[in-house]
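Heads up: the structure comes next, in structure tokens.
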Amino acid sequence: MTKKDLDWGNIGFKYRQTDKRFVANFKDGKWDEGSLVDDPTVTLNESAGMLQYCQQVFEGMKAYTWEDGSVVCFRPDMNAERMYNSAQRIEMPSVPKELFLKAIDEVVKANIDWVPPYGSGASLYIRPYEFATGIVIGVAPADEYQFRVFTTPVGPYYKGGATPIAIQVSDFDRAAPRGTGAVKAGLNYAMSLHSSVIAHSNGYAENLYLDPATRTYVEETGGSNVIFVDKDGNLVVPKSDSILPSITRRSIVYIAEHYLNLKVDERPVRYDEIKNFQECALCGTAAVISPVGRIVNHDEVIELPSGMEKAGEVVSKLYDTITGIQSGKIEAPEGWIRKIC
Ligand SMILES: Cc1ncc(COP(=O)(O)O)c(C=O)c1O
Numbered sequence: 201m202t203k204k205d206l207d208w209g210n211i212g213f214k215y216r217q218t219d220k221r222f223v224a225n226f227k228d229g230k231w232d233e234g235s236l237v238d239d240p241t242v243t244l245n246e247s248a249g250m251l252q253y254c255q256q257v258f259e260g261m262k263a264y265t266w267e268d269g270s271v272v273c274f275r276p277d278m279n280a281e282r283m284y285n286s287a288q289r290i291e292m293p294s295v296p297k298e299l300f301l302k303a304i305d306e307v308v309k310a311n312i313d314w315v316p317p318y319g320s321g322a323s324l325y326i327r328p329y330e331f332a333t334g335i336v337i338g339v340a341p342a343d344e345y346q347f348r349v350f351t352t353p354v355g356p357y358y359k360g361g362a363t364p365i366a367i368q369v370s371d372f373d374r375a376a377p378r379g380t381g382a383v384k385a386g387l388n389y390a391m392s393l394h395s396s397v398i399a400h401s402n403g404y405a406e407n408l409y410l411d412p413a414t415r416t417y418v419e420e421t422g423g424s425n426v427i428f429v430d431k432d433g434n435l436v437v438p439k440s441d442s443i444l445p446s447i448t449r450r451s452i453v454y455i456a457e458h459y460l461n462l463k464v465d466e467r468p469v470r471y472d473e474i475k476n477f478q479e480c481a482l483c484g485t486a487a488v489i490s491p492v493g494r495i496v497n498h499d500e501v502i503e504l505p506s507g508m509e510k511a512g513e514v515v516s517k518l519y520d521t522i523t524g525i526q527s528g529k530i531e532a533p534e535g536w537i538r539k540i541c
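So, in structure tokens, the structure goes:
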């Protein structure tokens, strides 16, 4: 094993081609066992379901190096389950959980030199995805699919890491009522690109989406769920059928209740309640927990009392606990850590 010669503390969040990727194919009604390949290129027929009707689902997860040198993954069974459900919603054959987990193990081991070292603050981002390779022309599900997993080493998603960010309320909706917001399908992200470009050009790190039916409730951002802390120090977590069931958010709720003895209130959260809250943060695999100091909706500016200098008290505790669990410094609940090697 020879680690790649990267400046691990400053690698940013971008794609770097690593050595191996996993590929399995679905044909004649079944998945093959899959294998590791060198070629990062995908060749598709011009009428593949992926290219014509956007039949694609994906996941995002991370592998970490612990102090003893072992490499672990955080709750990969949850990603396997979510991609299984996402595929069902897009009329794709789901990747069996065992195949998903085998692919993760194999691809991480095969790219072990790319897994950032302990203490660097970086991790190996893992991108499992499935798409329609079969030919379609009338609007219909394809009959052939490919499942791939590639990896790329990454640092923090938002520049500044745990420094608070400012976000804006999007004028566009991300997901329709009774639409596909709760599944991780590429089509949802295509929907968010226009408002994401606008947010960035306005100087904001992210868009906050409101519920598409009434635009009165908080949904989530383009790449993470949102959490709040109220004036009494309770965690307030927006609940909606059109937001992605974030694995980080569900882990935070457990940590808040079982590690920090906080009261957790999971319910629809009105946008006009935010001005009464103490703290806000975005949470997700890429974002980990990113404190939000300011939320802007055209002329209306909400300054969270926790401010733009540093994370508030509760968000800091949640951040320390979840990153402590992911890095092996704090004991994880049963089944949360999968040791890969
Ligand atoms: C839209 C959206 N919401 C929430 C999340 C966070 O989910 P997780 O914590 O499972 O990474 C993500 C990122 O994966 C996302 O893309």
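So for the sequence shown, the numbering used here puts the first residue at 201; every next one is plus one. For every residue, glycine included, the Cβ atom is placed at its ideal position computed from N, Cα and C. Computed from a predicted model, the values in this text were never measured in an experiment.
{"Asked": "For residue 476, the three-state DSSP class (helix, strand or coil)", "Found": "helix"}
{"Asked": "Reference residue 476; option with closest CA among 432, 447, 445, 439", "Found": "432"}
{"Asked": "Local conformation of residue 368 per DSSP, three classes", "Found": "strand"}
{"Asked": "Residue 523 CB to nearest heavy atom of ligand 1 below 7 Å", "Found": "no"}
{"Asked": "Bounding residues of the alpha helix (DSSP H) (the contiguous stretch that carries residue 455)", "Found": "447-458"}
{"Asked": "8 Å contact criterion, which residue 420 and residue 409 should meet: CB distance rounded", "Found": "6 Å"}
{"Asked": "Residue 269, buried or exposed, once every other Cβ within 10 Å from all chains shown has been counted against 16", "Found": "exposed"}
{"Asked": "Residue 523, DSSP secondary structure in three states", "Found": "helix"}
{"Asked": "heavy atom of ligand 1 below 7 Å from residue 447 C-beta", "Found": "yes"}
{"Asked": "Coil, strand or helix - residue 256 by DSSP", "Found": "strand"}
{"Asked": "Own chain partners of residue 497 with C-beta closer than 6 Å, once the 5 adjacent residues on each side are dropped", "Found": "369"}
{"Asked": "Ligand 1 heavy atom lying under 7 Å from the CB of residue 212", "Found": "no"}
{"Asked": "Three-state secondary structure (DSSP) of residue 276", "Found": "helix"}
{"Asked": "Residue from 438, 458, 285, 249 whose Cα sits closest to the Cα of residue 424", "Found": "438"}
{"Asked": "Sequence ranges, beta strand (DSSP E) only - wholly within the region 382-427, length at least 3", "Found": "406-410, 418-421"}
{"Asked": "Cβ-Cβ separation, residue 348 to residue 221 (assumed contact under 8 Å), whole Å", "Found": "6 Å"}
{"Asked": "CB of residue 464 within 8 Å of CB of residue 428, strictly", "Found": "no"}
{"Asked": "The alpha helix (DSSP H) enclosing residue 331, as first and last residue numbers", "Found": "Note, residue 331: premise wrong, no alpha helix (DSSP H); beta strand (DSSP E) at 323-332."}
{"Asked": "Counted within 10 angstroms of its Cβ, other Cβ atoms place residue 384 as buried (16 or more) or exposed", "Found": "buried"}
{"Asked": "Any non-hydrogen atom of ligand 1 within 7 Å of residue 379 CB", "Found": "no"}
{"Asked": "Contact the region 332-339 vs the region 236-250: 3+ CB pairs below 8 Å", "Found": "yes"}
{"Asked": "Same chain only: Cβ atoms within 6 Å of residue 445, ignoring 5 sequence neighbours per side", "Found": "none"}
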